[in-house]
Amino acid sequence: MTLGLTGAVPSARAFRAIECGSQLFLTDNNGQFSSHTGMNNGHNYGKNLNCIWRVQAPEGLKVELVAKSFNLESDPSCSYDFVELFDGDSINAPSLGKFCGSVFNPITSNQRYMTINFITDDNEQHTGFTMFYNFTSQVIHQCLNSQFKCTNGRCIDDSYKCDGDDDCLDDSDEQNCPAGVGGGGGTGRCAADEFKCPDGSCIDKDWLCDGDDDCVDGTDENTQHCPIFGK
9 MTLGLTGAVP
19 SARAFRAIEC
29 GSQLFLTDNN
39 GQFSSHTGMN
49 NGHNYGKNLN
59 CIWRVQAPEG
69 LKVELVAKSF
79 NLESDPSCSY
89 DFVELFDGDS
99 INAPSLGKFC
109 GSVFNPITSN
119 QRYMTINFIT
129 DDNEQHTGFT
139 MFYNFTSQVI
149 HQCLNSQFKC
159 TNGRCIDDSY
169 KCDGDDDCLD
179 DSDEQNCPAG
189 VGGGGGTGRC
199 AADEFKCPDG
209 SCIDKDWLCD
219 GDDDCVDGTD
229 ENTQHCPIFG
239 K
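Here it is in structure tokens:
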């Protein structure tokens, strides 16, 4: 098994690869690595990092990854600072999901390789992460009872299911939704002749400003949409 780090993206300042965390090649059956070298000294991770770790298990085994600590910039789509996992030996392999904020559920590759890509921008910096890895013969994607398990292994809150937004990043949370919820039939969007309520449900546009609260929160009757006749 090997775990290596490739370094950082070019920028006005040349970041040393060591800023991404350990550069050691590990041969043990389990181990750990961190987002950056200053983590144990209370320093936040750096700006504009692009760090890549590759883990290789023996033939017939898979890579399981667990976070001891995880604290990145939070964003619903994980567009700024994030960790993305790939089910293979490069970032060109299928994605297992993007993770940010403070939640990282244990995840297992579907074959013997896993690639971990840590990306940061030049805005917020947080404390980062420490990951444990080991090898297993089982594929384990564990989510809490209050969470929905996405097809890509990502775990999201149950309330995000069929809300009209692609929270899973593979649209699996917007599939098989009841008609009129989350876009109707799993599209994740409302039809052109429908109005989307804040809870993700869709109502007919003819129901806007008709004097009845068709959205649960009455959004279809507020002054934003009904400047003359609204409540």
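First residue of the sequence shown: 9, per the working numbering; consecutive thereafter. Where is the CB? At the ideal position from N, CA and C, for every residue including glycine.
The Cβ-Cβ distance between Arg62 and Gly105 does not fall below 8 angstroms. Rounded to the nearest angstrom, the gap between the Cα atoms of Asp214 and Asp173 is 23 angstroms.
For the pair of segments examined, the segment 44-61 was found not to touch the segment 101-116: the number of CB pairs separated by less than 8 angstroms stays below three.
Nearest in C-alpha terms to Asp97, of all of Gln183, Ser85, Cys223 and Met122, is Met122.
Distance from the CA atom of Asp130 to the CA atom of Ser42, rounded to whole angstroms, is 19 angstroms. By DSSP's assignment, Lys70 forms a beta bridge with Thr144. Judged by their CB atoms, Phe156 and Asp179 are not nearer to each other than the 8 angstroms cut-off. Shortest Cα-Cα distance from Ser82 to any of Asp212, His134, Val74 and Asn184 involves His134. For Val74, the closest of Glu202, Asn184, Asp175 and Thr144 by C-alpha to C-alpha distance is Thr144. The DSSP-derived three-state label of Tyr88 is coil. For Cys59, the beta-bridge partners assigned by DSSP are Phe126. The beta carbon of Cys223 sits closer than 6 angstroms to those of Cys205, all from its chain and outside the five residues before and after it, given in chain order. Asn184 sits exposed, since fewer than 16 C-beta atoms from the chains shown fall within 10 Å of its C-beta. A distance below 8 angstroms between beta-carbons, with the five flanking residues on each side excluded, links Ser154 to the following residues of its chain, in chain order: Asp165 and Asp166. Secondary structure note for Ser103: its beta strand (DSSP E) is the uninterrupted segment Ser103 to Phe107. Taking every protein chain shown into account, the CB of Gly219 has fewer than 16 other CB atoms within 10 angstroms, so this residue is exposed. The residue among Ser117, Cys210, Thr128 and Phe90 with its C-alpha nearest the C-alpha of Val111 is Phe90.
The residue from Asp225, Lys55, Gln64 and Ile211 with its alpha-carbon nearest to that of Glu132 is Lys55.
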